[in-house]
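Peer 1:
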Amino acid sequence: MFDAQAREDVDAAIARCYYAHGIPFNVVKPQFQEMLYAINNAPKGYVPPKYERLRTSLRDKERSRIDSQLNALRNEWPTYGVSIISNGWSNVKNQSLINKMVVSGGKAMFVNGYDCSESEHTSQNIADILLKAIDHKIIVHNSSL
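If you read the sequence shown in my numbering, its first letter stands for residue -11, the second for the next number, and so on.
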């Protein structure tokens, strides 16, 4: 069974780290739980990666893993079809942004973001942005045939 005081001490150390570094509370997601589980089950004497490894080789490996998952999703597009969706919002600098996403087979994928601060917010301008995503999809699809 868990020692209640030991649990409080661990929780306090985690909280201190969040507060000291200004880490947003929404970071406590499944990946956070996965990380803690991995640390808890790590070999005795495990030392976490340093700054340099996190920003180079580990980031590159994660990028490759994500790209592989996205390619698997892209390969399903001819089977399930594709819907292009968007949402608009303003960031903390009050820039108007539009995110373009693709939905296929019940799975969504971020395509890119577009800063539309300098353009008028008309249906025609938004349609032009979305049409570029369609053109890109057609070009990518045709080049793979």
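We put the beta carbon where it would ideally sit given N, CA and C, even for glycine.
(1) In its own chain, which residues sit with a C-beta less than 6 Å from the C-beta of S105, not counting the 5 before and 5 after it?
(2) For V16, count the other beta carbons within 10 Å of its own beta carbon; 16 or more makes it buried, fewer makes it exposed. Which is it?
(3) Taking 7 Å as the threshold (C-beta atoms), are I86 and S74 in contact?
(4) Does DSSP put A96 in a helix, in a strand, or in coil?
(5) Which partner residues of I2 appear in the DSSP bridge assignment?
(6) Let me check understanding here. Comparing Cα to Cα, which of P66, T110 and F98 lies closest to L58?
(7) How many Å lie between A60 and D(-3) at the Cα?
(8) What separation, rounded to the nearest whole angstrom, lies between the Cα atoms of P36 and L42?
(9) So, under 8 Å CB-CB, K88 and N100 are touching, yes? Tell me the CB distance rounded to an integer number of Å.
(10) So G33 and E64 are in contact, right, with Cβ under 8 Å, and what is the actual spacing, rounded?
(11) Give the secondary structure of I72 by DSSP, where H, G and I count as helix, E and B as strand, and everything else as coil.
(12) My output table needs one value for N87: the three-state DSSP class, helix, strand or coil.
(13) Could you say which of D116, H109 and A121 lies nearest to V91 if we only look at CA atoms?
(14) Tell me whether Y102 is buried or exposed, calling it buried when 16 or more other Cβ atoms sit within 10 Å of its Cβ.
Peer 2: Looking at the atomic coordinates:
(1) Q83 and S84
(2) exposed
(3) yes
(4) strand
(5) I2 pairs with nothing; no bridge assigned.
(6) F98
(7) 43 Å
(8) 10 Å
(9) 6 Å
(10) The Cβ separation is near 43 Å, so there is no contact.
(11) strand
(12) strand
(13) A121
(14) buried
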